[in-house]
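In the UniProt record's numbering, the protein residues as written are 1 to 169.
Given below as structure tokens:
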């Protein structure tokens with residue numbers, strides 16, 4: 001049985017003299033350099049816009065799927081069984097939603113989508129551009145998150161740290 005863990009981490013720094021809290025926590029996705037065997041994808045058969053799908057994936061997993069190899073593309077094709085599904089690719093300079101560059105491409109030359117199609121979907125092992133407001137099923141990626149602290153904290157600040165984990169089956 002697959003278990004999905006939700007983790008909530010909150011770190012605050014506050015001045016001993018004032019009740020003001022300062023948040024100095026961010027997270028960054030650490031892209032997996034492993035093969036398909038180490039990459040986990042989840043197909044979600046609930047139709048959402050690209051943005052809503054991204055929010056859903058970030059709240060429950062890591063992000064929308066980033067496809068970095070033919071093996072991962074084939075894995076997503078098998079998982080989605082021919083459905084049109086959002087992946088984490090979006091236009092500007094086509095980039096993955098986790099901020100990493102595109103190193104593998106599988107565009108369908110007949111379905112480029114034009115200027116008004118800034119988001120990408122996967123269908124039958126090929127990618128197509130589509131308007132982000134379209135409601136489609138989607139694929140989330142399960143990966144690692146690296147927490148990074150940044151900023152300078154004076155010594156007269158107190159660190160408050162809390163962590164909760166909830167299991168969802």
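Think of the CB as a built atom: it goes at the ideal place given N, C-alpha and C, for glycine as much as any other residue.
From the DSSP secondary-structure annotation, give me the bridge partner or partners of residue i.
i, result
"residue 123", "126"
"residue 138", "44 and 86"
"residue 94", "According to DSSP, which records beta bridges pairwise, residue 94 is partnered with nothing at all."
"residue 79", "None; residue 79 has no bridge partner."
"residue 50", "In DSSP, residue 50 forms no bridge with anything."
"residue 63", "141"
"residue 109", "In the DSSP output, where bridge partners are listed per residue, residue 109 has none listed."
"residue 101", "95"
Under the assumption that residue i contacts residue j (Cβ atoms under 8 Å), give the Cβ distance between them as a whole number of angstroms.
i, j, result
"residue 119", "residue 65", "Going by Cβ atoms, the distance from residue 119 to residue 65 rounds to 13 Å, so no, they are not a contact pair."
"residue 138", "residue 96", "At roughly 14 Å, the Cβ-Cβ gap does not stay under 8 Å, so residue 138 and residue 96 are not in contact."
"residue 56", "residue 48", "6 Å"
"residue 104", "residue 67", "6 Å"
Could you check if residue i is buried or exposed, using at least 16 other CB atoms within 10 Å of its CB as the buried criterion?
i, result
"residue 143", "buried"
"residue 88", "buried"
"residue 72", "buried"
"residue 122", "buried"
"residue 80", "buried"
"residue 136", "buried"
"residue 76", "buried"
"residue 41", "buried"
"residue 69", "exposed"
"residue 129", "buried"
"residue 133", "exposed"
For a test of the three-state rule: what should DSSP assign to residue i, helix, strand or coil?
i, result
"residue 71", "helix"
"residue 57", "helix"
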